[in-house]
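A.B. asks:
There are 2 protein chains.
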Amino acid sequence: MLAASELGHTLTQKRYDAALPKLRARLLQAHFALRSQKFPVIVIVSGADGAGKGDLVHRLNEWLDPRGVATHAFWEASDEERERPFYWRFWRALPGRGRIGILFGSWYTEPIIRRVLGKSKGRQFDGALDRIVAFEKMLAADGALIVKLWLHLSKAAQKKRLKKLEKEGRIAPDDWKHYKLYNRFTKISDRALRHTHTDAAPWHVIEATDRRYRELAVGKILLTELTRRLEQAAAKHANKTTLPLLTPTSPARKKTSSLLGHVDLTQSLTDAEYAKALETQQTKLSKLAWAAHTKQRSMVLVFEGWDAAGKGSAIRRVTQAMDPRLYRVVGIAAPTDEERAQHYLWRFWRHLPRAGFTTIFDRSWYGRVLVERVEGFAPAADWGRAYDEINDFEAQMAGHGIIVNKFWVHISPQEQLKRFQERQRVDYKQYKITDEDWRNREKWPSYAVAVDDMVTRTSTEFAPWTLVAGNDKKFARVQILKTLVHRLEAEL
Amino acid sequence: MLAASELGHTLTQKRYDAALPKLRARLLQAHFALRSQKFPVIVIVSGADGAGKGDLVHRLNEWLDPRGVATHAFWEASDEERERPFYWRFWRALPGRGRIGILFGSWYTEPIIRRVLGKSKGRQFDGALDRIVAFEKMLAADGALIVKLWLHLSKAAQKKRLKKLEKEGRIAPDDWKHYKLYNRFTKISDRALRHTHTDAAPWHVIEATDRRYRELAVGKILLTELTRRLEQAAAKHANKTTLPLLTPTSPARKKTSSLLGHVDLTQSLTDAEYAKALETQQTKLSKLAWAAHTKQRSMVLVFEGWDAAGKGSAIRRVTQAMDPRLYRVVGIAAPTDEERAQHYLWRFWRHLPRAGFTTIFDRSWYGRVLVERVEGFAPAADWGRAYDEINDFEAQMAGHGIIVNKFWVHISPQEQLKRFQERQRVDYKQYKITDEDWRNREKWPSYAVAVDDMVTRTSTEFAPWTLVAGNDKKFARVQILKTLVHRLEAEL
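Residue numbers (my numbering), protein chains in the order written: chain W, 815 to 1306; chain G, 815 to 1306.
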């Protein structure tokens, strides 16, 4: 892919000057149109050292409306970044809808450099490339336009360029070191480009020897891609059709075949059993939480369940056993506008814990395949795709050493009714019951199908679901504590 | 202040149980009312080791609506935190309007611990306390309710409590070490409390020996404070009066007495002078920027100026000289809702650079004393107070070693008119000119007074303003570059 671009392209100053004003005007026009179309644009600037990536970033900033563009350079990772899965720092930097993010360095940099320096094996490299493909596919499916630019230099051109940079004092510390690895770097980059050249996010290789040629070429590519995507977006608005369901919703499914139907809701504990078990398990969890902290292991706990199933009080029995410095509870309600401007997983990525800490999600990313599915907030294509996206998200946490546990607190419809009625009676519990709760209750059968699909499709070895028997609150709390204790004992 | 609280308060289970339901119901009610009143509530939980701070945090979380409350425990600072001014991590954690933030550990912890361990001098300690007073005053003036709780234990009670915690495996690593310093800790804490016991943010000292007593006492304090503040807020809404101007706006001020009037706008450069000076200064800046990075020194640059004064193009001449990995340009437009929910300085704190990096603000916190003042978006009391708040903000940056430079790019009204007209003519410049620009232009005299006040009141040795002669763009760009080069040469 790379060698094919070595065609000796150049452009005279005269032709450059002649073409530029029109290109700039049209680019700006497209950038303004983007504001109302509301999709994010991710421009990845990568390529050989000395190929003018920095200059290109300057130029793009000059051409675009500075208020709608932000550049992120990925360099040394901070400890806050290193202590979280690799992609955390990229999620942090993703542009919101209607904005352009120029990424100088990206998710490609580290896999390629590690492979070039022999710090990773071919198999690991391929794995990293697979993850990239999945990541970009996910962003594209959410509407992002991804423009991947690779500035290529022949070996001779790179040498010449580095010498010039050195003279100007603009050379970066590792540039000459990398130059010695030119052949290897080119071969491995070529492999990366082929592997990740997808419909969702194709590569554009630009011969970078001549400044004027490469800048104008990039400007044209960006303009073409932006324009095409804007037209698509406009067409989509005009002709909104319902997408076919990816997962058949079948309310006729027999109750006995469902996972929830197998939860034995008659299980219960006496007060004495509860008091004893609670103390035992909380004492164990308390010590294990400190041990996890000492070993720099993190936990992510997800609590989902029927309204009034007792998620909140179960969470409190967990947190009571943990030093408040070690955990954070994140309640998921309506997203803020900064969150709405991003992929739906963004708001969860931002809360991932540092090494040795725990984040407890009271409701979570599973809203995508529960409420958003059942209420029709997300089209079927979106929530249908979400299972894979979620599994990949959790695989990244687990791969980083985060201990992931997910609880569905289950109760019977009869038990829920009883609790709703009690909430309306007791003064300080009234805030917990709203009209929405009653409305949700009517959709029980649809939710039951969605829960079943969710558990079936996202219960993995590294991020298991636990179905909690919640009709007896005492039993449920102890079941959750025991599950956590077992998991931590196994992991630590 | 502390010893006076040792009165042997206890509460029987019976009286606790009798009082609790009503307290909880009223607390929740107040918490719900907060949603519509929209002020932030900051609850600081501090006090002796083993006084039950952790338990209290649990209890508060149990009593309040979990969706409207977040707990932040301040423990080890991350490198991202250490590389920024001390208060950065607290700004990160401040609750938005309508929300309650429980801070477990706070801006008090480090100054007190450092003083107790003899790592800071009395003078430094007093300085830290002064800064706390200013910080809390600022938040309170912005509407925040600050509830500061100090859980006090007598020496005997602390010993007893630590032994119990030890038995339960719940003791923190440094607890016994701190116990040996009980007398010193108490004396120094007492000093801190007296120094920072202000109208804006008074302390509440609670005898913490008895769990039931301390929890109920805290619940009552929080309820009282919340209720009072809610009533004040409601009254304020009902009876909105214009506050007196803190700074007299006198458009009659003579032009000759103004700072802007002294800027020699006839200064200019020929093309040849410009080309030479630009190259010389950019080369210097390029090297200095790398030197600053190597020495882990950060820069914050502020660009303000008249519409069409050439801020954007001046910024580009600065960034062209810097490796794009070393800087970020933050354009300030309308705040997001996460930003609107916070003190106006919050959105700038979040962009402060890490050690060795530069943030360039294209417009800045000075909007408070420019557009917000002139357009009447902020009441006079708010923008009048802002000068001190801004000076303190910049002093914190400078105190942390950040190199702060502020530029006002000045042009004459005639020059502005010329440029507006040109912008309307040239295709790709049209986006730069809006009706708002023309409206702002009509308010030139009011802005001139505001700029003059701003420069007079916020030009400090550690964060100087440079008035840039902008009628000749070439001269302006070189002036800015030279100023930066001189400053960096002096600092590095």
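Heads up, the beta-carbon is just placed ideally off N, CA and C, and yes, glycines get one too.
Could you tell me whether the Cβ atoms of residue 1176 of chain W and residue 1126 of chain W are closer together than 9 Å?
C.D. replies: Taking the first residue of the first sequence as 1, we reach residue 1176 of chain W at position 362. Taking the first residue of the first sequence as 1, we reach residue 1126 of chain W at position 312. It is a contact, given that the beta carbons lie within the stated cut-off.
A.B. asks: Who pairs with residue 1141 of chain W in a beta bridge, going by DSSP?
C.D. replies: Against the first sequence, residue 1141 of chain W aligns to sequence position 327. Answer is W/1172, bridged to residue 1141 of chain W.
A.B. asks: Flag residue 938 of chain G as yes if its beta-carbon sits less than 9 Å from any beta-carbon of chain W, otherwise no.
C.D. replies: Position 124 of the second sequence, counted from the first residue, corresponds to residue 938 of chain G. No - not a single Cβ of chain W is within 9 Å of the one on residue 938 of chain G.
A.B. asks: Give the secondary structure of residue 1132 of chain W by DSSP, where H, G and I count as helix, E and B as strand, and everything else as coil.
C.D. replies: In the first sequence, the residue the question calls residue 1132 of chain W occupies position 318. Residue state, collapsed to three classes: helix.
A.B. asks: With a threshold of 7 Å on Cβ separation, who are the neighbours of residue 1140 of chain G within its own chain once the five nearest residues in sequence on each side are excluded?
C.D. replies: For the purposes of this step, residue 1140 of chain G is identified with residue 326 of the second sequence, where counting begins at 1. Cβ within range, chain order: 1103, 1107, 1171 and 1172.
A.B. asks: Which value, in whole angstroms, describes the spacing of the CA atoms of residue 1060 of chain W and residue 1200 of chain W?
C.D. replies: Translated into positions along the first sequence, residue 1060 of chain W becomes position 246. Translated into positions along the first sequence, residue 1200 of chain W becomes position 386. Its pLDDT being 45, under 50, residue 1060 of chain W is placed unreliably by the model, and the measurement read from it follows with that caveat. C-alpha separation (whole angstroms): 11 Å.
A.B. asks: So, is residue 950 of chain W buried or exposed, given that buried needs 16 or more other C-beta atoms within 10 angstroms?
C.D. replies: As a working mapping, residue 950 of chain W is identified with position 136 in the first sequence. So residue 950 of chain W ends up on the buried side.
A.B. asks: Does the count of Cβ pairs from the segment 1247 to 1263 of chain G and the segment 1115 to 1124 of chain G closer than 8 Å reach three?
C.D. replies: Short answer: they touch.
A.B. asks: For the alpha helix (DSSP H) containing residue 1288 of chain W, name the first residue and the last one.
C.D. replies: The residue given as residue 1288 of chain W occupies position 474 in the first sequence. Per DSSP, the continuous alpha helix (DSSP H) segment holding residue 1288 of chain W begins and ends at 1287 to 1305.
A.B. asks: Using CA coordinates, which residue listed in W/1112, W/953, W/824 and W/1245 is at the minimum distance from residue 911 of chain W?
C.D. replies: Numbered from its first residue, the first sequence carries residue 911 of chain W at position 97. Of W/1112, W/953, W/824 and W/1245, the residue nearest in Cα terms is W/953.
A.B. asks: For the segment 1096 to 1120 of chain G, which residues have a CB atom closer than 9 Å to at least one CB atom of chain W, in sequence order?
C.D. replies: Answer in chain order: 1097, 1100, 1101 and 1104.
A.B. asks: Which residue from G/982, G/927, G/1208 and G/1038 puts its Cα closest to that of residue 1100 of chain W?
C.D. replies: Within the first sequence, numbered from 1, the residue matching residue 1100 of chain W stands at position 286. Minimum Cα-Cα distance from residue 1100 of chain W among the listed residues G/982, G/927, G/1208 and G/1038 corresponds to G/982.
A.B. asks: Could you tell me how far apart the beta carbons of residue 1132 of chain W and residue 985 of chain W are, in whole angstroms, since I believe they sit closer than 8 Å?
C.D. replies: Here residue 1132 of chain W refers to the residue found at position 318 when the first sequence is read from its first residue. Here residue 985 of chain W refers to the residue found at position 171 when the first sequence is read from its first residue. So it is not a contact: roughly 54 Å between Cβ atoms.
A.B. asks: Anything in chain G within Cβ reach of residue 887 of chain W, meaning under 7 Å, just list it in chain order.
C.D. replies: Residue mapping note: residue 887 of chain W aligns to position 73 of the first sequence, counting from 1. Under the 7 Å cutoff, chain G gives 1138 and 1139.
A.B. asks: Using the C-alpha atoms, what's the distance from residue 1239 of chain G back to residue 944 of chain G?
C.D. replies: As a working mapping, residue 944 of chain G is identified with position 130 in the second sequence. As a working mapping, residue 1239 of chain G is identified with position 425 in the second sequence. Going from the Cα of residue 944 of chain G to the Cα of residue 1239 of chain G covers about 55 Å.
A.B. asks: Determine, using beta-carbon pairs with one atom in the segment 1280 to 1290 of chain G and one in the segment 1071 to 1081 of chain G, whether at least three such pairs fall under 8 Å.
C.D. replies: yes
A.B. asks: Taking only three categories from DSSP, how would you classify residue 815 of chain G?
C.D. replies: To locate residue 815 of chain G, count along the second sequence from 1; it is residue 1. Residue 815 of chain G: coil per DSSP, three-state reduction.
A.B. asks: What does DSSP give as the partner residue(s) for residue 1224 of chain W in the beta ladder?
C.D. replies: Indexing the first sequence from 1 puts residue 1224 of chain W at position 410. Answer is W/1283.
A.B. asks: Can you check which of these residues, W/1229, W/1219 and W/874, is closest to residue 1080 of chain W by C-alpha distance?
C.D. replies: On the first sequence, position 266 is the one that residue 1080 of chain W refers to. Comparing Cα-Cα distances from residue 1080 of chain W to each of W/1229, W/1219 and W/874, the minimum goes to W/1229.
A.B. asks: Just by C-beta distance, which residues in the segment 1149 to 1162 of chain W are closer than 9 Å to chain G?
C.D. replies: 1150, 1151, 1152, 1153 and 1155
A.B. asks: Ignoring anything shorter than 3 residues or poking outside the segment 850 to 876 of chain W, list the beta strand (DSSP E) runs there in chain order.
C.D. replies: 855 to 861
A.B. asks: Measuring only the C-alpha atoms, how far is residue 825 of chain W from residue 978 of chain W?
C.D. replies: Counted from its first residue, the first sequence places residue 825 of chain W at position 11. Counted from its first residue, the first sequence places residue 978 of chain W at position 164. For residue 825 of chain W and residue 978 of chain W, the distance between alpha carbons rounds to 20 Å.
A.B. asks: Only counting runs of 4 or more residues, tell me where the alpha helix (DSSP H) segments fall wholly within the segment 1069 to 1131 of chain G, in order along the chain.
C.D. replies: Those alpha helix (DSSP H) runs which fall completely within the segment 1069 to 1131 of chain G and span 4+ residues are 1085 to 1108.
A.B. asks: Exposed or buried, which one is residue 962 of chain G when buried takes at least 16 other CB atoms within 10 Å?
C.D. replies: By one-based count along the second sequence, residue 962 of chain G stands at place 148. Residue 962 of chain G is buried by the Cβ-count criterion.
A.B. asks: Would you tell me roughly how many angstroms separate the C-alpha atoms of residue 1193 of chain G and residue 1032 of chain W, rounded to the nearest one?
C.D. replies: The residue labelled residue 1193 of chain G in the question sits at position 379 within the second sequence. The residue labelled residue 1032 of chain W in the question sits at position 218 within the first sequence. Spanning the two alpha carbons is a distance of roughly 48 Å.
A.B. asks: To the nearest angstrom, report how far apart residue 1236 of chain W and residue 1285 of chain W are at their CA atoms.
C.D. replies: Translated into the one-based positions of the first sequence, residue 1236 of chain W becomes position 422. Translated into the one-based positions of the first sequence, residue 1285 of chain W becomes position 471. In this structure, the alpha-carbon of residue 1236 of chain W lies about 14 Å from that of residue 1285 of chain W.
A.B. asks: Which residues in chain G have a C-beta closer than 9 Å to the C-beta of residue 1133 of chain W? List them in chain order.
C.D. replies: Here residue 1133 of chain W is taken as the residue at index 319 of the first sequence, counted from 1. 872 and 875, listed in chain order.
A.B. asks: Does the pairing of the segment 918 to 935 of chain G with the segment 998 to 1017 of chain G give three or more beta-carbon distances under 8 Å?
C.D. replies: Counting Cβ pairs under 8 Å, three or more are found: they touch.
A.B. asks: Measure the beta-carbon distance from residue 864 of chain W to residue 972 of chain W and round it to whole angstroms, keeping in mind my assumption that it falls under 8 Å.
C.D. replies: Translated into positions along the first sequence, residue 864 of chain W becomes position 50. Translated into positions along the first sequence, residue 972 of chain W becomes position 158. That pair is a contact at about 5 Å.
A.B. asks: In the DSSP output, what is residue 964 of chain G paired with across the bridge?
C.D. replies: Within the second sequence, numbered from 1, the residue matching residue 964 of chain G stands at position 150. Residue 964 of chain G is bridged to G/860 and G/1019.
A.B. asks: Flag residue 892 of chain G as yes if its beta-carbon sits less than 9 Å from any beta-carbon of chain B, otherwise no.
C.D. replies: Considering every chain present, this structure includes no chain B. Its protein chains are W and G.
A.B. asks: Considering only DSSP beta bridges, list what residue 915 of chain G is partnered with.
C.D. replies: Within the second sequence, residue 915 of chain G is the residue found at index 101, counting from 1. DSSP, once it has assigned bridges, lists G/856 and G/884 as partnering residue 915 of chain G.
A.B. asks: Could you tell me which of W/1112, W/1049, W/1083 and W/816 sits nearest to residue 898 of chain W, measuring between CA atoms?
C.D. replies: The residue labelled residue 898 of chain W in the question sits at position 84 within the first sequence. Ranking the options by Cα distance to residue 898 of chain W, first place goes to W/1112.
A.B. asks: Cβ of residue 1332 of chain W less than 9 Å from any chain G Cβ?
C.D. replies: The structure shown does not extend to residue 1332 of chain W, since chain W is modelled only from 815 through 1306, so no value can be given for it.
A.B. asks: Can you pull the DSSP bridge partners for residue 1146 of chain G?
C.D. replies: The sequence position of residue 1146 of chain G within the second sequence is 332, counting from 1. DSSP lists no partner for residue 1146 of chain G.
A.B. asks: Pull the bridge partners of residue 959 of chain G from the DSSP assignment, please.
C.D. replies: Counting from one through the second sequence, the residue named residue 959 of chain G turns up at place 145. Paired residues: G/855.
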